[in-house]
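Have a look at the structure below, then the notes.
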Amino acid sequence: MGMFVRASAAIAVAWLALFEGFFGLVNGSDLNYKDALTKSLIFLEAQRSGKLPANNRLPWRGDSALDDGKLVNVDLVGGYYDAGDNVKYGLPMAFTVTTLSWSAIFYESELKATGELENMRDAIKWGTDYFLKAYPRKNKLFVQVGDPVQDHQCWIRPENMETPRTVLMIDDKSPGTEIAAETSAAMASSSIVFRGVDRAYARRLLNKAKLLFEFAKARKGTYDGECPFYCSFSGYNDELLWAATWLYIATRKPKYLKYIQEESMSASVAEFSWDLKYAGAQILLSKFYFEGEKGLETFKNQADSFICSVLPDSPYHQIYLTPGFSPLPFPPQDC
Numbered sequence: 001m002g003m004f005v006r007a008s009a010a011i012a013v014a015w016l017a018l019f020e021g022f023f024g025l026v027n028g029s030d031l032n033y034k035d036a037l038t039k040s041l042i043f044l045e046a047q048r049s050g051k052l053p054a055n056n057r058l059p060w061r062g063d064s065a066l067d068d069g070k071l072v073n074v075d076l077v078g079g080y081y082d083a084g085d086n087v088k089y090g091l092p093m094a095f096t097v098t099t100l101s102w103s104a105i106f107y108e109s110e111l112k113a114t115g116e117l118e119n120m121r122d123a124i125k126w127g128t129d130y131f132l133k134a135y136p137r138k139n140k141l142f143v144q145v146g147d148p149v150q151d152h153q154c155w156i157r158p159e160n161m162e163t164p165r166t167v168l169m170i171d172d173k174s175p176g177t178e179i180a181a182e183t184s185a186a187m188a189s190s191s192i193v194f195r196g197v198d199r200a201y202a203r204r205l206l207n208k209a210k211l212l213f214e215f216a217k218a219r220k221g222t223y224d225g226e227c228p229f230y231c232s233f234s235g236y237n238d239e240l241l242w243a244a245t246w247l248y249i250a251t252r253k254p255k256y257l258k259y260i261q262e263e264s265m266s267a268s269v270a271e272f273s274w275d276l277k278y279a280g281a282q283i284l285l286s287k288f289y290f291e292g293e294k295g296l297e298t299f300k301n302q303a304d305s306f307i308c309s310v311l312p313d314s315p316y317h318q319i320y321l322t323p324g325f326s327p328l329p330f331p332p333q334d335c
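And the structure:
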């Protein structure tokens, strides 16, 4: 998959490293991480689909794909294009929103200090508003809009595209555990972001997150409808753990912790990406381990292993920067 196709998912992966770099900046460095943060948010705004708001900061972007969902009589206007194409993919879009929400939760005061908190919330809400439309009723989730094969034959501005706006979905008969669980994680994490801003909206997101998690568990099956563009090579167990972790953080209900401790699967990995979320869940669960929660030592140890694999001075360092071209989801994790 090319660099531009993965760009929107990649930018989300960069957030946590970006903040650590900005607020732990070495004296004398000429790197401007605040500017990088601002431009990252503007990049996301450039990927917006649908009716653009009055405060749109990009004069060269206009309304687009205003009939999305018309083929199936559902309003699917909005959300984000993947990057250099005009397709809306559910799996990487949901991961983007989840990771943005993680940043907004853990770095709220820093975002406020840089003047980007409202822009961050707007970026998250642009995604969650779309997910609410894409999940109109129980056990039915629309997961893709657009025909990538035809779309990739010719680059064109979304405002002028004429390629088919094909709609794909998952349901009881055609499951897609990865996408259902990742969308659950996106809604659960974003519900925390909006809890102090719009409680009714936050409750709505959390309720949808709970339903999607149950759907993901009850109708297990790998979704391959986005192949060869966004195949889930890692399976769905990482998304189930990731979703359960965010639901536990959002609700503190024992049933989600019980699922994590007794039913979930985990693994030591050296990657955190749109397709592999174990490391993210392990790092989040380590916090509860240090607070005295039982049954989480394995996750803490796996988080240690992941950190050792990415720290340059670690004897277990496994990830190296390759000069020149490479897909964007991976270098940001080494920032």
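Note that UniProt numbering numbers the sequence shown so that position 194 is 194, with each residue one more than the last. Note that the Cβ used here is the ideal one computed from N, Cα and C, for glycine as well.
Own chain partners of residue i with C-beta closer than 8 Å, once the 5 adjacent residues on each side are dropped
i      : result
Ala123 : Leu41, Leu44, Glu45, Leu100
Gln150 : Thr163, Pro164
Arg121 : Ala104, Val193, Phe194, Val197
Leu52  : Arg61, Gly62, Asp63
7 Å CB neighbourhood of residue i in its chain, flanking five on each side removed
i      : result
Met169 : Lys140, Leu141, Phe142, Val143
Cys154 : none
Span separating the alpha-carbon of residue i from that of residue j
i      : j      : result
Tyr135 : Ser266 : 28 Å
Leu31  : Ile192 : 31 Å
Asn86  : Glu297 : 43 Å
Ala270 : Glu110 : 28 Å
Trp102 : Leu212 : 19 Å
Asp68  : Lys294 : 47 Å
Gly221 : His152 : 28 Å
Phe288 : Lys258 : 13 Å
Arg252 : Ala209 : 14 Å
Test item: CB-CB of residue i and residue j under 7 Å
i           : j      : result
Leu66       : Val77  : yes
Leu247      : Ala188 : yes
Tyr223      : Gly176 : yes
Thr114      : Ala186 : no
residue 422 : Ala250 : Outside the displayed range of the chain (1 to 335) lies residue 422, so it cannot be described from this structure.
Asp75       : Lys133 : yes
Glu178      : Tyr256 : no
Asp172      : Arg219 : yes
Closest residue to residue i among the options (Cα-Cα distance)
i           : options                        : result
Asp63       : Tyr81, Asp172, Val72           : Tyr81
Thr183      : Phe233, Gly79, Asn237, Ala243  : Ala243
Asn119      : Arg57, Glu214, Lys255          : Arg57
Asn73       : Val310, Arg61, Met161, Thr166  : Thr166
Lys70       : Val145, Leu212, Ala181         : Val145
Cys308      : Ser273, Lys287, Ser268, Lys133 : Ser268
Phe131      : Lys253, Asn160, Arg204         : Arg204
residue 377 : Phe233, Ser190, Gln153, Pro254 : With the chain represented from 1 up to 335, any question about residue 377 goes unanswered, as that position is not in the structure.
Leu276      : Val310, Ser232, Arg252         : Ser232
Arg48       : Thr96, Lys208, Ala36           : Thr96
Met161      : Ala209, Gly50, Tyr33           : Gly50
Phe299      : Ser273, Lys253, Lys208, Ser286 : Ser286
Leu37       : Lys112, Glu262, Lys253         : Lys112
Neighbourhood of residue i by C-beta distance below 6 Å, restricted to the same chain and skipping five residues each side
i      : result
Ile156 : none
Ala181 : Ala216, Glu239, Leu240, Ala243
Ile260 : Ala244
Pro59  : none
Min CB distance residue i to chain D below 7 Å
i      : result
Cys154 : Protein chain content of the structure displayed is limited to a single chain, and chain D is not contained in it.
Next item on the list: Count the C-beta pairs between the stretch 297–315 and the stretch 276–285 that are closer than 8 Å, then say yes if the count reaches three, no if not.
Entry: yes
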